[in-house]
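In our numbering, the protein residues as written are 17 to 298.
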C-alpha cells in the first residue's frame, strides 16, 4: 500500500456492506464501504454474460415477490473497488458460498494487485444475539463486529493465497456448474439438484404451506445440522420444490404466485403436482 492510496472497505451485498459501514462508524472510522453485486454461487459464470444469467435465474429460481433486479450499472462498484488510487480491504466469511464466490472473483479481477482481508472465522468472538457458530458475515450485527474488533484482524492477502484463489476461480469457471457450495473450506461445483434430497427428506406426509418446508430446510442448513454455506436461497428452494412436484417426487398444489399460495406434502399416491382448486399450477 502506498502513502497516496485511499483505503476502501469491500464486501459482497448491500446488507453486509451497511453492517460493516455502521461498525466502522461506531469505531470512529469514516472510510468508504463498497458493496459488490452479482450472486455468484448460483448460475452460469463462464462466460460472464449478464443476459444469459438473467435468463437462467428466470428459469431456475422463483422469487416470492417482484424481484428487485440488479443496479443500473452493476459493474460500477467493481470498478470502484479496483480503482488504481485505492487500497481495498475485503471483508468476508469464506464459509458462506455467496461471499466466497464473490471474493474469488474479486481476487481474480485484482490480477495480482495487493489488498488486505478481514476474514471472519467461526465462533472465536462474542455474539450478542445468539450462541451459534458464525458462518456468514451476514449473521453479524454492527455491534457484534465492534465487540469482536474485527477490523483489527486486517492483514495482507498473501501471494500464495492469491494464486490459490485465482486458480480455484478459474477451475469453477471451467466447470460452470449451476451451483457452488462450500465443502471443507473450499468452494466447489454442485448440480442444480443438490438440495433435492434434503427437500424431499424434510417434507411431511401432511399438506403444509410450501413456505414452511422452505423455512425448515433453510433452518436445518443454517443451524449446523448440515455443513452451512451451501449456496442455499429461498428462491432456489422454491423453484426446486415446484420442479419436484412436476417430477412426482413431491405433491404440490396451489395456483401461486407466492410460497404462501402453494401447499406441499411428501409424495404418496403416484402424482406430483396436482390441480389447485380454481386454477392451474403455475
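All C-beta atoms in this analysis are idealised placements derived from N, C-alpha and C, irrespective of residue type, glycine included.
Figure out for me which residue from 209, 135, 233 and 208 has the closest Cα to the Cα of residue 220.
A check of alpha carbon separations from residue 220 across 209, 135, 233 and 208 identifies 233 as the nearest.
In this structure, how does DSSP classify residue 283 when only helix, strand and coil are distinguished?
It is coil, neither helix nor strand.
Taking the runs of the beta strand (DSSP E) that are 3 residues or longer, which of them lie wholly in the segment 51-108?
Those beta strand (DSSP E) runs which fall completely within the segment 51-108 and span 3+ residues are 102-108.
For residue 130 and residue 174, I'd like the C-alpha separation in whole angstroms.
Distance between the alpha carbons of residue 130 and residue 174: 8 Å.
Exposed unless 16 or more other CB atoms sit within 10 angstroms - verdict on residue 222:
So residue 222 counts as exposed.
Which one of 58, 198 and 59 has the shortest CA to CA distance from residue 151?
Taking residue 151 as reference, the option from 58, 198 and 59 with the minimal CA-CA separation is 198.
Residue 167 and residue 16 - do their beta-carbons sit closer together than 8 Å?
Residue numbering for the chain in the displayed model covers 17 to 298; residue 16 lies beyond these limits and cannot be assessed.
Where are the alpha helix (DSSP H) runs, 4 residues long or more, that stay fully inside the segment 196-247, in chain order?
Uninterrupted alpha helix (DSSP H) stretches at least 4 residues long and entirely within the segment 196-247 occur at 212-218 and 226-238, given in chain order.
Relative to the alpha-carbon of residue 118, which residue among 89, 282, 184 and 68 has its alpha-carbon at the smallest distance?
Among 89, 282, 184 and 68, the Cα nearest to that of residue 118 is on 184.
What residues in its chain sit with their C-beta under 6 Å from that of residue 210, if we drop five residues either side in the sequence?
Closer than 6 Å at Cβ, skipping near neighbours: 195.
Consult DSSP for residue 277 and reduce its assignment to one of helix, strand or coil.
DSSP places residue 277 in helix when its eight states are reduced to three.
Residue 277 to residue 260 span [Cα, whole Å]
Straight-line Cα distance between these residues: approximately 17 Å.
Can you give the Cα-Cα distance for residue 110 and residue 226, rounded to whole angstroms?
Using only the alpha carbons, I get a separation of about 30 Å.
Per DSSP, which residues does residue 27 bridge with? Please list them.
According to DSSP, which records beta bridges pairwise, residue 27 is partnered with 51.
Out of 62, 64, 59 and 76, which has the shortest C-alpha to C-alpha gap to residue 253?
Checking every option, the nearest Cα to that of residue 253 belongs to 76.
Residues bridged to residue 257 by DSSP?
BP columns for residue 257 are empty, so no partner.
Residue 122 classed as buried or exposed, judged by whether at least 16 other C-beta atoms fall within 10 angstroms
Per the 10 Å Cβ criterion, buried.
Roughly how many whole angstroms lie between the Cα atoms of residue 149 and residue 239?
Looking at the two C-alpha atoms, the distance is approximately 8 Å.
Locate the beta strand (DSSP E) running through residue 182, then write down its first and last residues.
Per DSSP, residue 182 lies in no beta strand (DSSP E) segment; the continuous alpha helix (DSSP H) that holds it begins and ends at 175-191.
So, is residue 160 buried or exposed, given that buried needs 16 or more other C-beta atoms within 10 angstroms?
With 16 or more other Cβ atoms inside 10 Å of its own Cβ, residue 160 counts as buried.
Does the separation of the CB atoms of residue 255 and residue 78 fall below 8 Å?
For the 8 Å CB-CB criterion, residue 255 and residue 78 form a contact.
Should residue 32 go down as buried or exposed, given a rule of 16 or more other Cβ atoms within 10 Å for buried?
Its Cβ being crowded by 16 or more others within 10 Å, residue 32 is buried.
When the Cα of residue 45 is compared with those of 162, 27 and 128, which residue comes out closest?
Here the closest residue by C-alpha is 162.
Are residue 282 and residue 258 touching if we call contact CB-CB under 8 Å?
No, these two residues do not count as a Cβ contact at 8 Å.
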